[in-house]
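Please read the structure below before turning to the comments.
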Amino acid sequence: MLFKGAVVFPIWVEQVNRLLFLAINPSVHPGYLMDGIARFSAVYLIFLIVPVLLLLAARGRSAIRPVSVIVLAILYSSVLANLVASLVQHPRPFVDGLGMLLIEHGPSPSFPSRHMAVACAFALGLVFQYGFRKTWPALVLAGIVGWARVYVGVHYPVDMLGSVAVALVSYRAARMSVDFWNGLTAARLTRKAG
49 MLFKGAVVFP
59 IWVEQVNRLL
69 FLAINPSVHP
79 GYLMDGIARF
89 SAVYLIFLIV
99 PVLLLLAARG
109 RSAIRPVSVI
119 VLAILYSSVL
129 ANLVASLVQH
139 PRPFVDGLGM
149 LLIEHGPSPS
159 FPSRHMAVAC
169 AFALGLVFQY
179 GFRKTWPALV
189 LAGIVGWARV
199 YVGVHYPVDM
209 LGSVAVALVS
219 YRAARMSVDF
229 WNGLTAARLT
239 RKAG
């Protein structure tokens with residue numbers, strides 16, 4: 049935590065945020081099936097990233113660059129989301145006494161959602177590297193993660209918007225990093241060959 053309460057959202061943003069949260073978070077348990085789907089999606093769905101990346105990496109040399117960009121985007125999004133959270137210090141809904149909490153969670157800062165930032169970095173990385181037509185299900189899964197994090201009571205909807213922004217910045221930084229590294233490598237190979 050760098051600065052407690054360093055950023056405060058405008059009142060109208062907080063009001064809309066709370067209204068949307070209460071519309072998504074159940075006031076009573078709708079049933080074990082919906083709760084189970086939400087709990088699984090909120091906690092475990094992002095673990096699908098690992099096997100997908102391994103399958104992509106198994107394609108050979110042509111997959112090195114796109115998979116490197118996606119992995120870096122995920123790492124950058126995790127670091128950036130934690131940095132933003134330490135600066136913003138926005139409380140979670142249950143800390144504010146709002147809604148129903150369906151999973152155990154500590155009172156760490158809410159904005160942005162680290163789960164959603166990672167899911168979005170992965171999904172956007174896939175879309176930007178492989179095209180929308182083949183990878184749109186990853187965007188759907190990221191959306192499900194975002195919905196589930198709000199549904200189970202650990203995040204506000206605005207946290208998801210912050211996560212998308214973090215993921216976009218992280219993807220761009222990852223792409224620039226890989227391009228820079230490839231440029232350095234190409235320059236070294238050219239010097240050795242010459």
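Everything in the sequence shown is counted per my numbering, starting at 49 for the first residue and increasing by one.
Glycine residues also receive a C-beta, built at the ideal position from the N, C-alpha and C atoms.
The structure displayed is predicted, hence computed values, not measured ones.
Same chain, Cβ closer than 6 Å to residue i, five either side skipped, listed in chain order
i, result
"ALA196", "ALA86, SER89, ALA90"
"SER75", "none"
"SER125", "ALA165, VAL166, ALA169, VAL214, ALA215, SER218"
DSSP state of residue i mapped onto helix, strand, coil
i, result
"TYR204", "coil"
"TRP60", "helix"
"LEU106", "What sits at residue 106 in the sequence shown is Ala, not Leu. In this structure, ALA106 counts as coil in the three-state DSSP scheme."
"GLY179", "coil"
Of the residues the options, the one placed nearest residue i, counting alpha carbons only
i, options, result
"MET224", "PRO114, GLY194, HIS163", "PRO114"
"GLY210", "ALA111, GLY145, ILE112, VAL166", "VAL166"
"ALA188", "VAL200, VAL136, LEU174", "Note that residue 188 corresponds to Val in the displayed sequence, not to Ala. Closest option to VAL188, Cα to Cα, is LEU174."
"VAL226", "ALA121, GLY79, PRO155", "ALA121"
"TYR178", "SER116, SER161, ILE94", "SER116"
"SER158", "TRP229, PRO99, GLY79, VAL206", "VAL206"
Cβ-based neighbour list, residue i, same chain, cut-off 7 Å, excluding 5 preceding and 5 following
i, result
"ARG66", "LEU146"
"LEU42", "Since the first residue shown for the chain is 49 and the last is 242, residue 42 is missing from the structure and cannot be characterised."
message: So within the stretch 119-165, which uninterrupted beta strand (DSSP E) runs reach at least 3 residues, ignoring any that extend past its ends?
response: Those beta strand (DSSP E) runs which fall completely within the stretch 119-165 and span 3+ residues do not exist here.
- prompt: What alpha helix (DSSP H) runs, 4 residues minimum, are completely inside the stretch 66-104?
  reply: Secondary structure remark: continuous alpha helix (DSSP H) runs of at least 4 residues inside the stretch 66-104, in chain order: 80-91.
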